[in-house]
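Asks:
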Amino acid sequence: MRRTPLYHAHLERKARMVDFAGWEMPVQYAGALKEHLAVRTAAGLFDVSHMGQIEIRGPDALEFTQYMTCNDLSRLDEGQAQYSALLYPEGTFVDDIVIYRIHAGHLLLCVNASNREKDAQWLLEHRRGDVEIRDASDEYAQLALQGPRSQEILQPLTMLDLDSLPYYRFTLGRVADADCLVSRTGYTGEDGFELYVSPQKAAKVWNDVLDAGGPAGIQPAGLAARNTLRLEVRYLLYGNDIDETTNSWEAGLGWIVDMDQGPFMGREALYRIRQEGPARRLAGFEITGRGIARDHDPVLIDGTRTSQVASGSYSPSGRKSIGLAYLPVEKAVPGQELEIENRRRLLPAVVVKTPFYRRR
Amino acid sequence: MTIPEGLRYTREHEWIRVLEEGRGRVGITHHAQDELGDVVFVELPRTGDELGGDDVFGTVESVKAVSDLYSPVSGRVTEVNESLEEQPELVNDDPYGEGWMIQVELSDPAELDGLMSAQEYASYVSEESGH
């Protein structure tokens, strides 16, 4: 199993380690609930070094990446990041990604751990023009500092003016004496920063941020909290909510598709699907009583198994069980009653508006 | 690892404390709650329900997993811990005390002999986790 450069730092902080996409990752330290609430009210620090980084360089880097992704990259400034996706010709997902436009000849793609090799291969297969494509994942550790007190914790560790770094912008600079790419992004629905740093410097940055954040109540946070945080704000997870069988329209990711940017991989299929109208939609639901809907639990409408829970978990902010499931469009409306089959029980549930949680 | 003396233990990680003649209080062990992580729901039987030994008497759900609760003995449920409805975290905070789950009237106290002592449970747990 693969280990991040912070493996020993996690053991020192008494993390419970699990296998995630072939990586030995911390699932929790003090406890998933405590870590979740720390991120909502103060700050949490995540090791997300398992995420992959693919570099695209060369005179045609922008044009090539524009063709291979569904959002409009041409609108990005240098120092701006964008949530986007790699699509198959059928309009379904190869992966959802964040693109960093360092400059027109140099783009950095942050991709899901489980898709890293597949994505790099996919890009190489479709390479055109004067571009160099390189899986640079081993050159980066990635830390995510998330929560309302993130800026106040990070600012003393850097000369960068974090106040002038807006959401989905990034800059290069030193943090805790290490060269970092600092971006105002994250996967929790809170304010925060992601730090891309060399593996050799990762442990020092990790420890310095945790030390600096101590008085503010920072917690090292694991994958369990990361999952409940992202689900509450309806950030999708590749492999659960989107994959090679789902498209942007039904996933509710139409906002990352720019049909007017010119030709791109998957555009024709997306055009056709939009004309026909998607048959299903990814809807949010909550369990009305006790019990927790889990990933892959059957979803029943009027007693008939209709689909499966894409993502299901407990919501610490709402103190109830929430989830996402693909439903026929006419059923994917707030108020629609469902049942979730969890082991021997049928849990009553109702379709609700998403996100389940909004930052105050 | 916290395993109090004087209690009897099951292979499913429940404990039973014999209170007075013929009655026992049941919960899950420190090890069990640690494995589960943060408990958020506990489903318990109703007072008066009859349980057979090894019957599932409820479920405990944490953020990451759900687990059945097995009755260590047969008997009638005389009390359930209502506090767990509002404060399921008591199972994590105090598994052998405030986090208890049900009280039963034992139909056959001899069944207790089939359960593990603290020492036996300790070696069972360390074997199970492969240490």
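Top line first, the protein sequences correspond to chains Z and Y.
In terms of the working numbering, the first sequence opens at residue 42 and continues consecutively.
In terms of the working numbering, the second sequence opens at residue 422 and continues consecutively.
From the three backbone atoms N, C-alpha and C, an ideal C-beta is built for every residue, glycine too.
#1: Spell out the partners DSSP gives residue 525 of chain Y in its beta bridges.
#2: When Cβ atoms are compared, which residues of the region 438-472 of chain Y fall closer than 8 Å to chain Z?
#3: Comparing C-alpha positions only, which one of Y:551, Y:539, Y:544 sits nearest to residue 430 of chain Y?
#4: Is the region 84-103 of chain Z touching the region 296-316 of chain Z in the sense that three or more CB pairs, one from each, lie closer than 8 Å?
#5: For residue 258 of chain Z, collect the residues of the same chain with a Cβ closer than 8 Å to its Cβ; drop the 5 residues on either side in sequence, then sort them by chain order.
#6: Output needed in chain order: residues of the region 483-497 of chain Y with a Cβ under 9 Å from some Cβ in chain Z.
#7: Any idea which residues DSSP pairs residue 85 of chain Z with across the strands?
#8: Could you tell me which uninterrupted alpha helix (DSSP H) segments, each at least 4 residues in length, are contained entirely in the region 289-353 of chain Z, listed from first to last along the chain?
#9: Starting from residue 69 of chain Z, find everything on chain Y with Cβ-Cβ shorter than 7 Å and list it in chain order.
#10: May I have a chain-ordered list of the alpha helix (DSSP H) segments no shorter than 4 residues that lie completely inside the region 217-273 of chain Z?
#11: Give a yes or no on whether 8 Å exceeds the smallest Cβ distance from residue 269 of chain Z to chain Y.
#12: What residue ranges within the region 135-203 of chain Z form continuous alpha helix (DSSP H) runs of no fewer than 4 residues, ordered along the chain?
#13: Kindly indicate which residue of Z:223, Z:214, Z:216, Z:218 has the alpha-carbon position closest to the one of residue 207 of chain Z.
#14: Just to confirm, is the Cβ distance from residue 314 of chain Z to residue 111 of chain Z under 8 Å?
#15: Evaluate residue 452 of chain Y with the Cβ neighbour count: other Cβ atoms within 10 Å of its Cβ, from every protein chain shown; 16 or more gives buried, anything less gives exposed.
#16: Per DSSP, residue 283 of chain Z is paired with what?
#17: How many angstroms separate the CA atom of residue 195 of chain Z from the CA atom of residue 503 of chain Y?
#18: Terminal residues of the continuous beta strand (DSSP E) containing residue 94 of chain Z?
#19: Near residue 127 of chain Z, which residues of its chain fall below 7 Å by C-beta distance, leaving aside the five closest residues on each side in sequence?
#20: Quick one: any contact between the region 321-336 of chain Z and the region 374-389 of chain Z, if contact means 3 or more CB pairs under 8 Å?
#21: Cα separation between residue 433 of chain Y and residue 331 of chain Z?
#22: Measuring CA to CA, which of Y:509, Y:488, Y:470 is closest to residue 499 of chain Y?
#23: Can you tell me whether residue 178 of chain Z is buried or exposed? The criterion is at least 16 other CB atoms within 10 Å of its CB, across all chains shown.
#24: Taking Cβ-Cβ distances below 8 Å as the criterion, which residues of the region 316-335 of chain Z are in contact with chain Y?
#25: So what's residue 480 of chain Y in DSSP terms, helix, strand or just coil?
#26: Counting only C-beta atoms, is residue 355 of chain Z closer than 8 Å to chain Y at any point?
#27: Which residues bound the beta strand (DSSP E) around residue 108 of chain Z?
#28: Quick one: list the residues of chain Y neighbouring residue 388 of chain Z, beta-carbon separation under 8 Å, in chain order.
#29: Applying the 10 Å Cβ sphere with the 16-neighbour rule, what's the burial state of residue 231 of chain Z?
#30: Within 8 Å, do at least three Cβ pairs link the region 277-288 of chain Z to the region 233-246 of chain Z?
#31: Mind checking which residues open and close the alpha helix (DSSP H) that includes residue 489 of chain Y?
#32: With DSSP run on the structure shown, which of helix, strand or coil describes residue 369 of chain Z?
#33: Taking three-plus beta-carbon pairs below 8 Å as touching, is the region 387-397 of chain Z in contact with the region 515-534 of chain Y?
#34: Taking residue 339 of chain Z and residue 370 of chain Z to be in contact with their CB atoms under 8 Å, please state how far apart those CB atoms are, rounded to whole angstroms.
#35: Pick helix, strand or coil for residue 374 of chain Z, following the three-state DSSP scheme.
#36: I need the straight-line Cα distance from residue 310 of chain Z to residue 130 of chain Z, nearest angstrom please.
Replies: Taking the definition as stated:
#1: As a working mapping, residue 525 of chain Y is identified with position 104 in the second sequence. Within the DSSP bridge table, the entry for residue 525 of chain Y names Y:445, Y:498 as partners.
#2: For the region 438-472 of chain Y, which is checked against every Cβ of chain Z, the residues closer than 8 Å are 458, 459, 461, 462, 464.
#3: For the purposes of this step, residue 430 of chain Y is taken as residue 9 along the second sequence, with counting starting at 1. With distances taken between Cα atoms, residue 430 of chain Y lies closest to Y:539.
#4: Taking 8 Å as the limit for Cβ pairs, the verdict is that the region 84-103 of chain Z does not touch the region 296-316 of chain Z.
#5: Residue mapping note: residue 258 of chain Z aligns to position 217 of the first sequence, counting from 1. Cβ neighbours of residue 258 of chain Z beyond the five flanking positions: 79, 82, 83, 84, 190.
#6: Hits within the stretch, in order: 483, 484, 485, 486, 487, 489.
#7: Your numbering for residue 85 of chain Z matches position 44 in the first sequence. Answer is Z:187, Z:260.
#8: The qualifying runs are 289-292, 308-317.
#9: Here residue 69 of chain Z refers to the residue found at position 28 of the first sequence. Per Cβ cutoff of 7 Å: 458.
#10: Complete alpha helix (DSSP H) runs here, min 4: 240-254, 264-273.
#11: Here residue 269 of chain Z corresponds to residue number 228 of the first sequence, with the count starting at 1. At least one CB of chain Y lies nearer than 8 Å to the CB of residue 269 of chain Z.
#12: Look at the region 135-203 of chain Z and you find these whole runs of alpha helix (DSSP H), each 4 residues long or longer: 157-166, 191-195.
#13: The residue labelled residue 207 of chain Z in the question sits at position 166 within the first sequence. The candidate whose alpha carbon is nearest that of residue 207 of chain Z is Z:223.
#14: Here residue 314 of chain Z refers to the residue found at position 273 of the first sequence. Here residue 111 of chain Z refers to the residue found at position 70 of the first sequence. No; because the gap between Cβ atoms is not below 8 Å, this pair is not in contact.
#15: Sequence index remark: in the second sequence, residue 452 of chain Y carries index 31 (1-based). The residue in question, residue 452 of chain Y, is buried, as its Cβ has 16 or more Cβ neighbours within 10 Å.
#16: Translated into positions along the first sequence, residue 283 of chain Z becomes position 242. The secondary-structure analysis by DSSP pairs residue 283 of chain Z across a beta bridge with Z:279.
#17: Along the first sequence, read from residue 1 onward, the residue named residue 195 of chain Z stands at position 154. Along the second sequence, read from residue 1 onward, the residue named residue 503 of chain Y stands at position 82. Using only the alpha carbons, I get a separation of about 44 Å.
#18: Stepping through the first sequence from its first residue, residue 94 of chain Z is reached at position 53. Residues 93-98.
#19: Position 86 of the first sequence holds residue 127 of chain Z. These residues qualify, in order along the chain: 109, 110, 135, 136, 138, 160, 163.
#20: Taking 8 Å as the limit for Cβ pairs, the verdict is that the region 374-389 of chain Z does touch the region 321-336 of chain Z.
#21: The sequence position of residue 433 of chain Y within the second sequence is 12, counting from 1. The sequence position of residue 331 of chain Z within the first sequence is 290, counting from 1. Straight-line spacing of the CA atoms in residue 433 of chain Y and residue 331 of chain Z works out to 23 Å.
#22: The residue labelled residue 499 of chain Y in the question sits at position 78 within the second sequence. It is Y:470 whose Cα lies nearest to the Cα of residue 499 of chain Y.
#23: One-based indexing of the first sequence puts residue 178 of chain Z at position 137. So residue 178 of chain Z ends up on the buried side.
#24: Flagged, chain order: 331, 332, 333, 335.
#25: Position 59 of the second sequence, counted from the first residue, corresponds to residue 480 of chain Y. Here residue 480 of chain Y sits in strand by DSSP.
#26: To locate residue 355 of chain Z, count along the first sequence from 1; it is residue 314. The Cβ of residue 355 of chain Z sits closer than 8 Å to at least one Cβ of chain Y.
#27: One-based indexing of the first sequence puts residue 108 of chain Z at position 67. Per DSSP, residue 108 of chain Z lies in no beta strand (DSSP E); the unbroken alpha helix (DSSP H) holding it starts and ends at 102-109.
#28: In the first sequence, the residue the question calls residue 388 of chain Z occupies position 347. Close partners of residue 388 of chain Z in chain Y (Cβ separation under 8 Å) are lacking, with about 11 Å as the shortest Cβ gap.
#29: As a working note, residue 231 of chain Z is residue 190 in the first sequence. Flag for residue 231 of chain Z reads buried.
#30: These segments do not touch.
#31: Here residue 489 of chain Y is taken as the residue at index 68 of the second sequence, counted from 1. Counted as a single uninterrupted DSSP element, the stretch harbouring residue 489 of chain Y is not any alpha helix (DSSP H) but the beta strand (DSSP E) occupying residues 487-491.
#32: The count along the first sequence starts at 1 and reaches residue 369 of chain Z at position 328. If DSSP states are grouped into helix, strand and coil, residue 369 of chain Z belongs with the strands.
#33: Flag = no, the region 387-397 of chain Z and the region 515-534 of chain Y do not touch.
#34: Within the first sequence, the letter at position 298 stands for residue 339 of chain Z. Within the first sequence, the letter at position 329 stands for residue 370 of chain Z. No, residue 339 of chain Z and residue 370 of chain Z are not in contact; Cβ-Cβ is about 20 Å, not under 8 Å.
#35: Translated into the one-based positions of the first sequence, residue 374 of chain Z becomes position 333. Looking at residue 374 of chain Z - three-state DSSP - the assignment turns out to be coil, as it is neither helix nor strand.
#36: Within the first sequence, residue 310 of chain Z is the residue found at index 269, counting from 1. Within the first sequence, residue 130 of chain Z is the residue found at index 89, counting from 1. So the two alpha carbons sit approximately 7 Å from each other.
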